[in-house]
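For what it's worth, numbering that gives the first Met the number 0 labels the leading residue of the sequence shown as 0, then goes sequentially.
Cβ coordinates follow ideal geometry from the N, Cα and C atoms, glycine included.
These figures come from a predicted structure and were not determined experimentally.
Here the structure is laid out as structure tokens; the discussion comes afterwards.
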Amino acid sequence: MTYRKDYGKKALKTVLQEIQQTPDAQDSDDSDITHDRLCGEGDLSSANEQIWLLSKSVLDKICNAAEKTFYQIPSPKIKTSYVNIKQFPSENFLQFVDRLRSQVERQVQDPEVQAELIKEMAQKNGNGTCRRIILSLPLDPSPSLAQMIEACTKKVELSVHLKGIQD
């Protein structure tokens, strides 16, 4: 559980703020949970000590923060900007959104901004068929990403089915 990298410490500050608002603000020895304790520094420098003294919910929050931070670490490969992720003509819309989401999550830290960018880029960079389907959806309120995925999946499946009947 030791979590020493500087980029992870920032995520654990957020976790600490959440924990301080709950009954989990103290460990099993009735000591206040500090940032150092979450990071595995100082008197809780071994994972075994953390496991024994911190509650399961606190350990889960540490794991979630570590996982989220891990996915934000730049890959050693040359990364493609999410702006350049385009749906291939024969690609399933959901697969395209997953590829897009992966890049956005690596390049943007704010979850609200991530959600908006994924939705906007999915609309803009979908293939011709999916863009037409999305444009046919009601504009007010604007469609959610889930609605776009559902519409594209259903209509593309229907058009493939109808094409098969015509052949």
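- Query: For Glu40, which residues from the same chain have a beta carbon less than 6 Å from its beta carbon, with the 5 sequence-adjacent residues on both sides left out?
  - Reply: none
- Message: Pull the bridge partners of Asp29 from the DSSP assignment, please.
- Response: Its beta-bridge partners do not exist; DSSP assigns none.
- Item | 8 Å Cβ cutoff met for Leu99 and Ile117 | yes
- Message: Assuming the contact rule is C-beta atoms closer than 8 Å, Gln125 and Phe87 should be a hit. Round their C-beta distance to whole Å, please.
- Response: Position check: residue 125 holds Gly in this sequence, whereas Gln was assumed. Going by Cβ atoms, the distance from Gly125 to Phe87 rounds to 10 Å, so no, they are not a contact pair.
- Query: For Lys8, which residues from the same chain have a beta carbon less than 7 Å from its beta carbon, with the 5 sequence-adjacent residues on both sides left out?
  - Reply: Cys38
- Query: Any idea if Lys60 is buried or exposed, counting beta-carbon neighbours within 10 angstroms, 16 or more meaning buried?
  - Reply: buried
- Task: Starting from the C-beta of Lys154, find all residues in its chain whose C-beta is less than 6 Å away, skip the five residues before and the five after it, and write them out in chain order.
- Result: Ile132
- Task: Find the nearest neighbour of Ala65 within the set Ile148, Ala10, Trp51, judged by alpha-carbon distance.
- Result: Ala10
- Would Leu53 pass as a contact of Asp26 if the rule is Cβ separation under 8 Å? yes
- Task: Could you say which of Phe69, Glu115, Asp31 lies nearest to Val57 if we only look at CA atoms?
- Result: Asp31
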